[in-house]
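Taken in order, these protein sequences are the chains called C and L. Using my numbering, read the first sequence as starting at -1 and increasing by one per residue. Using my numbering, read the second sequence as starting at 34 and increasing by one per residue. The beta-carbon is built from N, C-alpha and C at its ideal position, and this holds for glycine as well. If you're wondering where the values come from, they're calculated on a predicted model, not measured in any experiment. Below is one structure; the comments refer to it alone.
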Amino acid sequence: MDANLHEGERLTPHAAVAEIRRIEGLHGALARRASGLTWMIWGIVAPAIFVSYALLGILVGFPSDGDGYHALRFLFPALWAPWAAIGLVATATLWRSVGLVIPRRSAQGWEGVLTGAIIVGIIFIGFAAIAVAKIPVAEFAWVLMAQGIGVITVGLLGLNCNDATERRLWILGGILLAAVALAGSLLLGGDILLARQWFTLISPLTSGLVLFGGGLYLTSRA
Amino acid sequence: MALPSLDPVIHQATRLRIMALLFRNRAAAFTWARDTLGLTDGNLDTHSKRLEEAGYIRRGRVLTTGGFQVRLRITPEGDAAFRAYLDGLKAYLVPEAADPTSDG
């Protein structure tokens, strides 16, 4: 027998598990850091979307106000898309780089796409429901709430999670986003103009702090 | 409870490490796998041949800017075998199976 084979080497099941965990651990930290960086990317993109819509709202007025025609009104349903595209490209580039070392984790890109679809879907379904039911809700409050519900859903489904801590962070982050949206809406009552003014500040700050802060935590613990 | 027998091709320290690395990475350059796992050329060569004979990995050469590179790639059979091995290990690690007096 070849001297390199060492077939007689005794390996207990516990030692085998320890060995597998050690090999997994070689790249687990990289995957966790990349997840953290992904959160940080979206912690910049999400507030940028809010700020863009706030500027457009100042310029054009919000569609729910129904105050006539403006040439830039067509931007309302689509203004989020360029920002989302930037976030998507940055995220895809990051994970393609990670994929040079851990292709299996990188190949789970569909989970990221599904995550985006869930959040955007909840936002648009909510807007349609609000428009039909004519509920007096500040637009930014609903988007923040929808982000929270989407993030909780993703956490419950276990998408994009390297481990249990990351899953808990998705759920906790979503609860924070939804709780701030709910508390702000309740405190500001039915005064839609006041709520809109406050949520122009609250929504980008909250989403930025939660997503960027969550990402920072993930990268620092890896 | 009868414990499943663990695949003897995989249940060996060095081959287990090679399979765990390839299960995670799908493919790896020979030199990178050698350095990552802290093996010698001969050791990795011998064990990877054994895994190749079992149909669990494929060895091939690819042309890179630095010349020909030997690459190791896990096969679908290897992927399935490693998953089955992990399932087998789990059976050993449940509390009742961990009885040290058991001769399983």
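Exercise. DSSP on ALA1/C, reduced to helix/strand/coil?
Worked result: Low confidence applies to ALA1/C: its pLDDT is 48, below 50, so where it sits in the model is not reliable enough to give any reading.
Exercise. Out of SER205/C, LEU155/C, ALA136/C and LEU216/C, which has the shortest C-alpha to C-alpha gap to GLY187/C?
Worked result: ALA136/C
Exercise. Ordered along the chain, which non-local residues of its own chain (more than five positions away) have a Cβ less than 8 Å from that of TYR51/L?
Worked result: Looking at the sequence shown, residue 51/L is not Tyr but Ile. Excluding positions up to five away in sequence, the list reads ALA66, LEU70, LEU77, HIS80, SER81, LEU84, ILE90 and LEU105.
Exercise. Since ALA53/L meets chain C, which of its residues come closer than 8 Å, beta carbon to beta carbon?
Worked result: By Cβ distance, chain C contributes GLU17, ILE18, ILE21 and GLU22.
Exercise. Hey, does ARG57/L have any beta-carbon neighbour from chain C nearer than 8 Å?
Worked result: yes
For this session: For ARG94/L, name the three-state secondary structure that DSSP assigns.
Result: strand
For this session: Return yes when the Cβ of VAL15/C is within less than 8 Å of the Cβ of LEU122/L, no when it is not.
Result: yes
Problem set entry | Touch test, the segment 47 to 62 of chain L against the segment 102 to 118 of chain L, Cβ-Cβ under 8 Å, three pairs minimum | Contact check between the segment 47 to 62 of chain L and the segment 102 to 118 of chain L: three or more CB pairs, one atom from each, fall below 8 Å, which counts as touching.
For this session: Express the C-alpha separation of ILE21/C and ASP136/L in angstroms, rounding to a whole number.
Result: Residue placement at ASP136/L is flagged as unreliable, the pLDDT there being 41, under the threshold of 50; the coordinate-derived value follows with that caveat. So the two alpha carbons sit approximately 29 Å from each other.
For this session: Just grab the DSSP bridge partners of VAL103/L for me.
Result: ARG94/L
Problem set entry | Rounded C-alpha distance that separates GLY171/C from THR198/C | 20 Å
Problem set entry | 7 Å Cβ shell around PRO134/C - same chain, five flanking residues per side excluded | GLY188 and ILE190
Exercise. If we count Cβ pairs, one from each stretch, closer than 8 Å, do we get three or more for the segment 51 to 60 of chain L versus the segment 192 to 210 of chain C?
Worked result: no
Exercise. DSSP state of ALA136/C, grouped into three classes?
Worked result: coil
For this session: Assign ALA88/C to one of three DSSP states: helix, strand, or coil.
Result: helix
For this session: Take every Cβ of the segment 158 to 178 of chain C, pair it with every Cβ of the segment 30 to 38 of chain C, and state whether three or more of those distances are shorter than 8 Å.
Result: yes
Exercise. Hey, ALA179/C and LEU154/C: beta-carbon distance below 8 Å or not?
Worked result: no
Exercise. Nearest to ALA52/C by alpha carbon, out of LEU77/C, ALA126/C, TRP37/C and GLY114/C?
Worked result: LEU77/C
Exercise. Helix, strand or coil: how does DSSP classify ALA79/C here?
Worked result: Per DSSP, reduced to three states, the secondary structure at ALA79/C is helical.
Exercise. With respect to the beta strand (DSSP E) encompassing ALA60/L, which residues constitute its N-terminal and C-terminal limits?
Worked result: From DSSP, the beta strand (DSSP E) with ALA60/L extends over 60 to 62.
For this session: Alpha carbon to alpha carbon, how far is TRP168/C from LEU92/C? Give it in angstroms, no decimals.
Result: 20 Å
Problem set entry | Whole-angstrom distance between ILE39/C and TYR125/L, CA atom to CA atom | 42 Å
Exercise. Does the beta-carbon distance from ILE117/C to GLY148/C come in below 8 Å?
Worked result: yes
Exercise. For the alpha helix (DSSP H) that contains ASP43/L, what are its first and last residues?
Worked result: According to the sequence as given, residue 43/L is Ile; it is not Asp. Per DSSP, ILE43/L belongs to no alpha helix (DSSP H) and is neither H nor E.
Exercise. What are the residues of the segment 24 to 42 of chain C that lie near chain L, defined by any Cβ-Cβ distance shorter than 9 Å?
Worked result: LEU24 and HIS25
Exercise. Along chain L, in chain order, which residues have C-beta atoms closer than 8 Å to that of PRO75/C?
Worked result: Residues of chain L passing the Cβ test: none, with the nearest at roughly 40 Å.
For this session: Grab me the residues of THR36/C's own chain with a C-beta within less than 6 Å of its C-beta, minus the 5 sequence neighbours each way, in chain order.
Result: THR89
For this session: State the Cα-Cα distance for the pair GLU17/C and VAL99/C, rounded to the nearest angstrom.
Result: Going from the Cα of GLU17/C to the Cα of VAL99/C covers about 19 Å.
For this session: Check the Cβ-Cβ distances between ALA46/L and every residue of chain C, and say whether any is below 8 Å.
Result: yes
Problem set entry | 6 Å CB neighbourhood of PRO11/C in its chain, flanking five on each side removed | none
Exercise. Just the Cα atoms here: how many angstroms apart are VAL103/L and LEU96/L?
Worked result: 9 Å
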